[in-house]
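Counting from 1, one number per residue, gives the positions in the sequence shown under our numbering. First comes the structure, then the notes that go with it.
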Amino acid sequence: MNNTILCFDLGTKTGWAIGGADGDIFSGTVNFEPRRFEGGGMRYLRFKQWLSEIKHTAGDIDAVYFEEVRRHVGTDAAHVYGGLLATLTAWCEHHQIPYEGIPVSTIKKATTGKGNASKEEMIKAMRAKGHAPCDDNEADALAILHLVKERELGYVH
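And the structure:
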């Protein structure tokens with residue numbers, strides 16, 4: 001992989017993973033819960049600020065990938081996802097960074113062999129690759145990064 005790739009599992013607790021040109025991988029989870037006395041749009045402004053900080057730290061970001069969710073259990077989750085997705089894609093457009101959504105089932109199938117893998121199975125699969133995700137959000141972001149890297153190399157496990 002010759003590029004710096006940033007991957008996301010968007011949500012109130014957003015999982016992220018970044019793979020650099022040097023092969024190093026960093027990942028984590030960022031909480032974008034609304035704070036007391038904040039307006040409804042503040043979580044999106046904090047997300048945009050966080051994106052700019054990670055871009056500054058990483059140098060260049062060559063591509064962004066995110067988990068593309070087509071069905072949400074709750075209305076609130078759908079609204080948060082939509083707002084974060086709009087913020088992310090506008091930020092990518094502004095910085096001329098290509099972006100792509102990858103369906104949930106594609107990520108799960110490439111990672112575990114099952115398109116309906118559980119959160120625990122995703123965490124276990126990332127641990128097997130040498131990572132220590134703190135939760136399923138970070139595990140999903142790492143899974144996207146591994147999928148993209150394998151796709152670039154022309155194979156998928």
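Beta carbons: idealized from backbone N, C-alpha and C, even for Gly.
F8 counts as buried, since no fewer than 16 other beta carbons sit within 10 angstroms of its beta carbon.
Looking only at G83, A141 and G20, the smallest Cα-Cα distance to V104 is reached by A141.
Take C92, set aside five residues on each side of it, and the residues of its chain with a beta-carbon closer than 6 Å to its own are V64 and Y99, in chain order. Nearest in C-alpha terms to N137, of all of V30, F26 and H94, is V30. A residue is called buried when at least 16 other Cβ atoms come within 10 angstroms of its Cβ; K108 meets this threshold and is buried. T111 sits buried, since 16 or more C-beta atoms from the chains shown fall within 10 Å of its C-beta. Counting only the Cα atoms, A143 lies some 23 Å from S52.
Cβ-Cβ distances below 6 Å link K55 to I61 in the same chain, with the five nearest sequence neighbours on each side left out; the list follows chain order.
For L84, the enclosing alpha helix (DSSP H) starts and ends at T75 to H94. CA-to-CA, the gap between G82 and L153 works out to about 31 Å. Here N31 carries a strand assignment [DSSP, helix/strand/coil].
DSSP lists I5 and I25 as the beta-bridge partner residues of G19.
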